[in-house]
Amino acid sequence: MIVAAGGVLAYFFLGVVGIVTGRGRLGGALAILAGVVSLGLWAPGFPEGLLGDPPWGIPLVGDTLALAFWSFIPLVHAAVWWSERRRPSAFHGLVTLLVGTCMATVLSRDLFNMYVAMELGSLLSFLLIGYDARSRAVWASLQYLILATVGMILYLFGVGLVYGTLGTLSLSRIAELSPDFSQPTLAVGIGLLVAGTAVKAGVFLVGLWLPAAYGEAPAGVATLLAGLVGKMGIVVLARLSEALPVGMVVAALGLFTALGGLLYAIWERDLKMFLAYQVVAHIGYMLIAFGLGGPAFLGGILYAVAHCLFKGLLFQSAGQAVEAVGERDIGALAGKLPRPAAWGLAFGTGAIVGLPPLAGFVGKEYIGAVAPPPFSWLAVLLAVGAAAAFVKLVPLFRATSSEGDWGSMGLLAAGVVGFSVWGMASVPHVWTMDAVGKALGAVVAGFGLHFVLRRRSPRLPTVSMDRISVAIVIGAAVIPLALLLRG
Amino acid sequence: MEGLTAALMAIALAGLGLWTLIRRRNAIWKLLGLNVASGGSILFLVAVAHRPEARPPILGMGPGPAADPLPQALVLTAIVIHFATLALSLVYVIFLTERRHTQDVPRLERPRRRR
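If you read the protein sequences in the order shown, they are chains R and V. Residues 1 to 487 (this note's numbering) make up the first sequence, in order. Residues 1001 to 1115 (this note's numbering) make up the second sequence, in order.
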């Protein structure tokens, strides 16, 4: 535990020193090294312990979830470091701090510590999204910060109510007290915790700041956000549903998010916005798995890791393509892409639609195999929908120019391949003819569906900040009420 | 009783802040609403720490029961975070005002024209 905490502190220290001394790039490289060494030393995992003197210490735990995230965090950081290596050192310092925040979040088992980590993550991503000082990105970033802060205010109210009722902030201690919802203050408090985190996690409607923020961010930042930082809200929701009986609420939110994100993704024509709406759909998928708990929880972890890698790859390719061509529309981009971007998009698409044996397949089939009926049917539906949405990227796979940057693409693609090989070796029971057939069938069905859907272009309601704010207020009323009624 | 009053005040403040955030079109008004709402959340944590007849939780402040020190420690962190959030957001609003010549949110979020 000391080693893991040391790794996080090394990250923070190197980030701050990098910004102050103007050696952010070197600091970032050293931090990646420190992260790998620290992970190597605590890789068997560690039981929950207190950092500091009891009873006031901060509980940390090195369980499967934390280990899974730590195992690829240095890889994603290295890819971002390479793709943005020409940036000034302050940028690299901020990235290092942000990655350190993510490392701290996944280790944490304390309500308030998670709050601090999430807020710090919001502030740092806010600075990075607007880093290029393009007014659109600045607006997206401002909207993100305002809405995430609203979510965190709800979370703080939840923290107050839970602490006032139970007298502790440690999630394991709360789980030992096995809270039920017969106490109204507790039900409302836990409801507010879930509602507030849902805003940060990017749940459909309340978290729709996400597409604009990810779509407008510079290439490397979008890779980091979609790959890593965006998972932090989900990690907190996973921790909450681990310790508290809110699993079904989280799974229901996930269901809604998956369908809503897919609906918006199918007809979106802006490449980066399309990928961002697709992120929303996959967030829903992960929330279903984490909410169902039990064996599905492990499936959720697998899927989250796979998603970090291939979504990072897709955003990296899309960012490079958009920056090289100067267009964002998928139709306008077709046939103009540099080779690394085109190949990255092709490989990432194969992984995300779940073509066996690539990364998406392992996670999807694992969840599909253990989820109970309504959710497992939905898993098939989502696979078909994702394939249908991604078919429109096919014209982009043909490259025209050969220049471009292979480095970060190669790192992330190697991560996807590594995860696929690891998945084949360690989750062999996914590899049945049935599952492979189902996955291929979903892709073919999606291909067909694409040509049916292409003729229609429905007008979806536009997403504006005021509508999201209203949705947050409604969510903050409905979720606690639902828990109250169950109690 | 004071604790309950403070908690109700906190909820009222948060409601007021969120109402301003939703109703006003101007970005600075929205940030002010956000700040009032975050003030509400801070007051709420202080209210949770309240105990009847309590003194401030500082060593050497005399005998008698002290208020719960933990939420008060949390509040310090939350105040710093909210301050940083407000300051950084205002910097971005200044930038947007210079670049887009408006602080009106519906105009700021108008979609990109398709070429």
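Idealized CB from N, CA, C, for every residue including glycine. Model, not experiment: these values are computed from the prediction.
Are the beta-carbon atoms of residue i and residue j separated by less than 8 Å?
i, j, result
"ARG339 of chain R", "SER241 of chain R", "no"
"ALA1037 of chain V", "ALA1014 of chain V", "yes"
"PRO59 of chain R", "ASP132 of chain R", "no"
"VAL250 of chain R", "LEU259 of chain R", "no"
"VAL150 of chain R", "LEU1021 of chain V", "yes"
"GLU48 of chain R", "SER125 of chain R", "no"
"GLY62 of chain R", "LEU107 of chain R", "yes"
"GLN316 of chain R", "LEU412 of chain R", "yes"
"VAL478 of chain R", "VAL353 of chain R", "no"
"ILE301 of chain R", "THR64 of chain R", "yes"
"PHE69 of chain R", "GLY24 of chain R", "no"
"VAL362 of chain R", "VAL427 of chain R", "yes"
Can you find a C-beta in chain R that's less than 8 Å from the C-beta of residue i?
i, result
"PHE1013 of chain V", "One detail in the question is off: residue 1013 of chain V reads as Leu in this sequence, not Phe. No, because no Cβ of chain R sits closer than 8 Å to the Cβ of LEU1013 of chain V."
"ARG1099 of chain V", "yes"
"GLU1109 of chain V", "yes"
"ILE1079 of chain V", "no"
"PRO1071 of chain V", "yes"
"THR1102 of chain V", "no"
"LEU1004 of chain V", "no"
"LEU1018 of chain V", "yes"
Going by DSSP, what residue range makes up the alpha helix (DSSP H) through residue i?
i, result
"VAL430 of chain R", "Where VAL430 of chain R is concerned, there is no enclosing alpha helix (DSSP H), given that its DSSP letter is neither H nor E."
"PRO179 of chain R", "Premise fails: PRO179 of chain R is in no alpha helix (DSSP H) and is neither H nor E."
"PHE375 of chain R", "373 to 390"
"ASN113 of chain R", "111 to 129"
"TRP1029 of chain V", "1027 to 1049"
"ALA1087 of chain V", "1069 to 1100"
"PRO295 of chain R", "295 to 325"
"SER89 of chain R", "89 to 107"
Hey, quick one: how far does the beta strand (DSSP E) through residue i stretch, first residue to last?
i, result
"PHE13 of chain R", "Where PHE13 of chain R is concerned, there is no enclosing beta strand (DSSP E), although the alpha helix (DSSP H) it sits in stretches over 2 to 21."
"GLU48 of chain R", "46 to 51"
"PRO59 of chain R", "58 to 62"
Going along chain R in order, which residues have a C-beta closer than 8 Å to the C-beta of residue i?
i, result
"ILE1022 of chain V", "ASP466, SER469, VAL470, VAL473"
"ALA1084 of chain V", "LEU123"
"LEU1008 of chain V", "Here the premise fails: no neighbours, minimum Cβ distance about 13 Å."
Find the residues of chain V that neighbour residue i, judging by a C-beta separation of less than 7 Å, and give them in chain order.
i, result
"LEU400 of chain R", "Here the sequence assigns Thr to residue 400 of chain R, which means Leu is not the residue at that position. Those within 7 Å of THR400 of chain R in chain V number zero; the least Cβ separation is about 20 Å."
"GLY164 of chain R", "VAL1048"
"PHE126 of chain R", "LEU1088"
"LEU263 of chain R", "Those do not exist, as LEU263 of chain R stays about 18 Å from chain V at its closest Cβ, beyond 7 Å."
Below 7 Å on C-beta distance, what does residue i contact in chain R?
i, result
"VAL1105 of chain V", "MET465"
"LEU968 of chain V", "Given that chain V is displayed from residue 1001 to residue 1115, the structure contains no residue 968 of chain V and the question cannot be resolved."
"LEU1074 of chain V", "PHE112"
"ALA1054 of chain V", "Ordered by position in chain R, no residue passes the 7 Å Cβ test against ALA1054 of chain V, which lies about 14 Å from the chain."
Any beta carbon from chain V within less than 8 Å of residue i's own beta carbon?
i, result
"ALA219 of chain R", "no"
"PHE157 of chain R", "yes"
"TRP139 of chain R", "yes"
"LEU481 of chain R", "no"
"LEU9 of chain R", "no"
"PHE91 of chain R", "no"
"SER135 of chain R", "yes"
"ILE330 of chain R", "no"
"VAL229 of chain R", "no"
"THR149 of chain R", "yes"
"VAL325 of chain R", "no"
"SER108 of chain R", "no"
"LEU142 of chain R", "yes"
"VAL250 of chain R", "no"
"ILE153 of chain R", "yes"
Cβ closer than 9 Å: which chain V residues qualify as neighbours of residue i?
i, result
"GLY130 of chain R", "TYR1092, PHE1095"
"LEU240 of chain R", "None at all; the shortest Cβ gap to chain V is about 18 Å."
Which chain V residues are close to residue i, counting only those with a beta carbon under 8 Å from its beta carbon?
i, result
"ILE146 of chain R", "LEU1021, LYS1030, LEU1031, LEU1034, SER1089"
"GLU84 of chain R", "Those do not exist, as GLU84 of chain R stays about 21 Å from chain V at its closest Cβ, beyond 8 Å."
"VAL116 of chain R", "THR1077, ILE1081"
Below 9 Å on C-beta distance, what does residue i contact in chain R?
i, result
"PRO1057 of chain V", "What PRO1057 of chain V touches in chain R: nothing, since even the nearest Cβ is about 13 Å away."
"ALA1066 of chain V", "Ordered by position in chain R, no residue passes the 9 Å Cβ test against ALA1066 of chain V, which lies about 15 Å from the chain."
Q.
Taking 8 Å as the cut-off, does the region 452 to 459 of chain R touch the region 1004 to 1019 of chain V (at least 3 CB pairs, one atom from each stretch)?
A. The answer is no - the region 452 to 459 of chain R does not touch the region 1004 to 1019 of chain V, with fewer than three Cβ pairs under 8 Å.
Q. Pairing CB atoms from the region 366 to 378 of chain R with CB atoms from the region 305 to 316 of chain R, are three or more of them under 8 Å?
A. No, the region 366 to 378 of chain R does not touch the region 305 to 316 of chain R.
Q) Is there contact between the region 321 to 340 of chain R and the region 404 to 411 of chain R, where contact requires at least three CB pairs shorter than 8 Å? A) Under the three-pair Cβ rule at 8 Å, the region 321 to 340 of chain R counts as touching the region 404 to 411 of chain R.
Q) Does the pairing of the region 197 to 217 of chain R with the region 82 to 89 of chain R give three or more beta-carbon distances under 8 Å? A) No, the region 197 to 217 of chain R is not in contact with the region 82 to 89 of chain R.
Q) Would you call the region 406 to 416 of chain R and the region 342 to 350 of chain R touching, i.e. three or more CB-CB distances under 8 Å? A) Three or more pairs of CB atoms, one per stretch, sit closer than 8 Å, so the region 406 to 416 of chain R contacts the region 342 to 350 of chain R.
Q. Do three or more CB pairs link the region 141 to 160 of chain R to the region 220 to 231 of chain R at distances below 8 Å?
A. They do not touch, by the three-pair rule.
Q. Does the region 182 to 200 of chain R come within contact of the region 154 to 171 of chain R, defined as at least 3 CB pairs closer than 8 Å?
A. Judged by Cβ distances under 8 Å, the region 182 to 200 of chain R makes contact with the region 154 to 171 of chain R, as three or more pairs qualify.
Q. Is the number of C-beta pairs between the region 1049 to 1064 of chain V and the region 86 to 102 of chain R that are closer than 8 Å three or more?
A. The region 1049 to 1064 of chain V vs the region 86 to 102 of chain R: no contact.
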